[in-house]
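Single-structure report; data block below.
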Amino acid sequence: MTDAALRKLQQTGCDVRADRLTRILFATDASIYQIEPHAVAFPRSARKASAVICAGIDAGLSITPRGAGTSLVGNAIGDGLIVDFSRHNRGISELELEKRSVRVGAGVVLDQLNAFLKPHGFCFGPDVATSSRATLGGMIANNSSGARAPFYGTTADH
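Each residue of the sequence shown is one higher than the last, beginning at 320 in my numbering.
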C-alpha cells in the first residue's frame with residue numbers, strides 16, 4: 320500500500336494502523352489460515368466506518384469486516400483493509416418489542432445481546448459456540464449459524 324493511500328485512510332478520522340505488529344496480529348483468526356493485511360481500521364461510528372471503507376475501495380483494497388476474529392474458516396482475515404468492529408460500536412438501543420426489532424452496534428457481543436433480550440422473552444437465534452466473544456458485526460459478515468440453525472436459521476434470516 321502506498322503512503323498516499325494510507326494517508327487517505329487516516330484522513331477519514333478512523334484510527335488506521337499499518338505497522339508490522341498490528342498487521343501480524345490481524346493476519347490470523349480462529350482458523351488455520353494466515354493472511355497479512357495492508358492495514359487495519361478501528362472505526363468509532365457507522366459514519367467513520369463508511370468513510371474508511373470508501374477510502375479503502377478508492378485505494379483498490381479489498382475490505383474485510385472483522386468482529387472478534389472467532390471465525391473457524393478464515394472469514395475475518397484478508398490481504399487488504401481489515402475493518403475491526405470489536406473495540407467500538409458496542410451499543411444496544413432502540414428496542415421495539417412490537418416490531419421484534421433491536422438496533423445494535425457491530426461490536427456488541429452475542430451473549431450481551433441475549434442477556435439484554437431475555438427479560439423481554441426474546442433471543443437472537445443463531446447460537447455460535449463462541450457466543451461469549453463473537454460480535455454481531457462478525458456474525459453478519461460471515462452469516463454465522465450454530466447447532467440450532469435448523470430451528471432459528473442463520474444470521475441472514477434475522
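Where is the CB? At the ideal position from N, CA and C, for every residue including glycine. Small disclaimer: the values here were computed from a predicted structure and weren't measured.
**OP:** Just mark Leu416 as buried or exposed, buried being the case when its beta carbon has 16 or more other beta carbons within 10 Å.
**Re:** Numbered from its first residue, the sequence shown carries residue 416 at position 97. The residue is exposed, with fewer than 16 neighbouring Cβ atoms inside 10 Å.
(Q) Spatial neighbours of Asn433 within its chain, please: C-beta separation below 8 Å, excluding the five flanking residues on both sides. (A) Here residue 433 corresponds to residue number 114 of the sequence shown, with the count starting at 1. Counting only Cβ-Cβ distances below 8 Å, and skipping sequence neighbours, we find Cys442, Phe443 and Ser450.
| Count the other CB atoms within 10 Å of the CB of Lys418; is the residue buried (16 or more) or exposed (fewer)? | Translated into the one-based positions of the sequence shown, residue 418 becomes position 99. The residue is exposed, with fewer than 16 neighbouring Cβ atoms inside 10 Å.
**OP:** Go ahead and pull the three-state DSSP assignment for Pro445.
**Re:** Position 126 of the sequence shown, counting from 1, holds the residue named residue 445. Reduced to three states, the DSSP call for Pro445 is coil.
What do you get for Ser390, buried or exposed, if any count of 16 or more other CB atoms within 10 angstroms of its CB means buried? Your numbering for residue 390 matches position 71 in the sequence shown. Classification for Ser390: buried.
ask   = When you compare only the Cα positions, how much space is there between Arg342 and Glu413?
value = For the purposes of this step, residue 342 is taken as the residue at position 23 of the sequence shown. For the purposes of this step, residue 413 is taken as the residue at position 94 of the sequence shown. Roughly 35 Å separates the two Cα atoms.
query = In this structure, does DSSP put Pro356 in helix, strand or coil?
reply = Numbered from 1 along the sequence shown, position 37 holds the residue referred to as residue 356. Coil, per DSSP.
### Message
Helix, strand or coil for Arg467? Go by DSSP, reduced to three states.
### Response
By one-based count along the sequence shown, residue 467 stands at place 148. Looking at Arg467 - three-state DSSP - the assignment turns out to be coil, as it is neither helix nor strand.
In angstroms with no decimal places, state the Cα-to-Cα distance between Leu328 and Ala374. Taking the first residue of the sequence shown as position 1, residue 328 is located at position 9. Taking the first residue of the sequence shown as position 1, residue 374 is located at position 55. Distance between the alpha carbons of Leu328 and Ala374: 6 Å.
Runs of alpha helix (DSSP H) wholly within the region 354–412 (minimum 4 residues, chain order):
365–377
**Prompt:** Exposed or buried, what is Pro384 when buried is set at 16 or more other beta-carbons lying within 10 Å of its beta-carbon?
**Reply:** In the sequence shown, residue 384 corresponds to position 65, counting from 1. Its Cβ being crowded by 16 or more others within 10 Å, Pro384 is buried.
Supposed close pair His357, Ala387 - CB separation, criterion 8 Å: Here the question's residue 357 lines up with position 38 in the sequence shown. Here the question's residue 387 lines up with position 68 in the sequence shown. In fact, because the Cβ distance is near 21 Å, the residues do not count as touching under 8 Å.
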